[in-house]
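Presented below is the structure to which this report refers.
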Amino acid sequence: RKEVEQDPGPFNVPEGATVAFNCTYSNSASQSFFWYRQDCRKEPKLLMSVYSSGNEDGRFTAQLNRASQYISLLIRDSKLSDSATYLCVVTLYNFNKFYFGSGTKLNVKP
Amino acid sequence: DGGITQSPKYLFRKEGQNVTLSCEQNLNHDAMYWYRQDPGQGLRLIYYSQIVNDFQKGDIAEGYSVSREKKESFPLTVTSAQKNPTAFYLCASRDLGGASDTQYFGPGTRLTVL
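Protein chains in written order, with our numbering: chain A, 1 to 110; chain B, 1001 to 1114.
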């Protein structure tokens, strides 16, 4: 069983749409959670950390549900520049290993 | 400029040859990591190091070797024992004592074995 599972998509949405991604993790001992963004043929870049209380950064909102072991990312008012693959990442208590999901691809169309 | 550099960006090698990928960081980060990414898949951990002269195997270490002689440098050697070495290789670093526990990535090396 994979540590982190994501819907690979692609999610094809028009500009201005709201889109949500979910990610589930298998280990209840997971401690830290992140969303990374990866553009085609580039390295992943941190989008935001995910906290238990939920957090927001502009058009992006991340939520954590420990009971159901999933995290979510909501993007409001999608822009063309949001087109990318979004990776869900979790770490275990010792932070030595980061487990990456295979990513969800988002295509924002004009 | 502070950051992580990887070289070369693209690398072509013949089957059976060893090849070494460079990773350097000037962020003064303690921990460094090597990942492999295949099309449509997530990153898989090859090796990681938390301190100079020490490193640990990740989930797919077979056919790879590393060294950590300096804090700034963590080169990865892809040996001829690696059965399917063509992939995108990413190096990352993390500040163990910092406020942020996240990883920062270099631009990657795309290795093609012919």
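We put the CB at the ideal spot given by N, CA and C, even for glycine. Everything numeric in this text was worked out from a predicted model, so none of it was measured.
Chain A contact for residue i (CB, 8 Å cutoff)
i       : result
B:Q1103 : yes
B:L1045 : yes
B:L1111 : no
B:Y1048 : yes
B:G1106 : yes
B:L1090 : yes
Boundaries of the beta strand (DSSP E) in which residue i is found, first to last residue
i       : result
B:I1004 : I1004 to S1007
A:E56   : N55 to D57
B:R1044 : L1043 to I1051
A:I71   : Y70 to I75
A:F98   : F98 to F100
A:S32   : S32 to Q38
A:S49   : P44 to V50
CB contact below 8 Å: residue i versus chain B
i      : result
A:E56  : no
A:S26  : no
A:G9   : no
A:K97  : yes
A:G16  : no
A:P110 : no
A:F100 : yes
A:S49  : yes
A:T81  : Here residue 81 of chain A turns out to be Ser, not Thr, going by the sequence shown. Cβ-Cβ to chain B under 8 Å: no for A:S81.
Buried or exposed by the 16-neighbour rule on C-beta atoms within 10 Å, applied to residue i
i       : result
A:E15   : exposed
A:L106  : buried
B:T1005 : exposed
B:E1062 : exposed
B:P1039 : exposed
A:F11   : buried
6 Å Cβ shell around residue i - same chain, five flanking residues per side excluded
i       : result
A:T104  : Q6, D7, G9, F21 and Y86
A:F34   : S49 and V89
B:V1019 : R1013 and V1078
A:Y25   : V4, Q69 and V90
B:V1066 : Y1047, F1055 and L1076
Close beta carbons around residue i, own chain, < 8 Å, minus the five adjacent residues each side
i       : result
B:Y1048 : A1031, M1032, Y1033, W1034, F1055, Q1056 and G1058
B:R1068 : M1032, S1049, I1051, V1052, N1053, D1054, F1055 and F1074
Extract the residue ranges of the beta strand (DSSP E) inside the region 1010-1086 of chain B, only unbroken runs of 3 or more that lie entirely within it. 1010-1013, 1019-1025, 1031-1037, 1043-1051, 1054-1057, 1064-1066 and 1076-1078
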